[in-house]
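Here is the structure we will look at, set down as C-alpha cells.
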Amino acid sequence: LTFHVKMGYAIPPYYSEELNLKFLSTIIDVFNDDDWEILWKRKRIVSNSFISNGFNIKQNKIVEGSLITINPDVAPRSLIKNSDAVISMPFTSVSLIAKELSVPTIYYDASGEILEYKSHNISVLKSKNELLEWKFYLNKNNSNNK
C-alpha cells in the first residue's frame with residue numbers, strides 16, 4: 553500500500569486482469585438467458601505488452617458463445633441509445649452517457665471494495681445478488697412497458 557501511495561494512488565490500482573474476468577463472468581452468469589442479449593464493447597484493443605496472453609485466453613473462454621463482442625470503434629452513444637440497460641465498471645463515462653440518455657445503468661464493482669454506493673446518482677452494485685435484484689427490477693419494468 554505504501555508503494556501505491558508514493559506513486560500518487562489513494563488505494564492500489566483498481567483495474568486488474570482478475571477483476572476484469574470476475575466482472576465479465578458474473579454479468580454473464582446473471583444475464584445470459586433467453587430474456588437478455590449481452591453486448592460487450594471494449595474501450596480499445598490492447599496489445600500483449602499490456603496484458604498477458606493467459607488473460608486473453610481466459611477472457612476468450614468466458615465470453616465465447618455468451619455474448620456479442622462489439623468493435624471498439626463503434627460509438628458508445630449509439631450503442632447505449634439502442635440498449636435496454638448498461639453495466640459498467642466504476643467509474644467510467646459509459647454510465648454517465650446512459651444516465652443522460654435515460655437508459656437504466658449501474659456501476660458493477662466486482663471487487664466489492666469500493667466504499668461508495670452511488671456516484672453521480674448512479675448505483676454501485678457490489679455482488680452477484682445485487683445484480684440479480686437489478687435484473688429482476690429490469691425484467692419487471694420491461695414487461696410493464698410491453
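In my numbering, the protein residues as written are 553 to 698.
Positions of the beta carbon are idealized from the N, C-alpha and C atoms, including for glycine.
These figures come from a predicted structure and were not determined experimentally.
Is G560 helix, strand or coil when you go by DSSP?
Summary for G560: the model assigns pLDDT 45, below 50, so the residue's position carries little reliability, and this model does not support an answer.
Any idea if T621 is buried or exposed, counting beta-carbon neighbours within 10 angstroms, 16 or more meaning buried?
T621 comes out exposed.
Buried or exposed for Y669, going by 16 or more other Cβ atoms inside 10 Å?
Y669 comes out exposed.
Using only alpha-carbon positions, find the residue among M641, N572, D581 and S635 that is nearest to Q611.
Nearest of M641, N572, D581 and S635 to Q611, Cα basis: N572.
If you draw a straight line from the alpha carbon of W686 to that of N693, how long is it in whole angstroms?
Going from the Cα of W686 to the Cα of N693 covers about 11 Å.
When you compare each of S663, I580, S671 and T657 to A637 by their alpha carbons, which one comes out closest?
The residue with the shortest Cα to Cα distance from A637 is T657.
At the level of alpha carbons, what is the spacing between P624 and S618?
Each residue's alpha carbon lies about 18 Å from the other.
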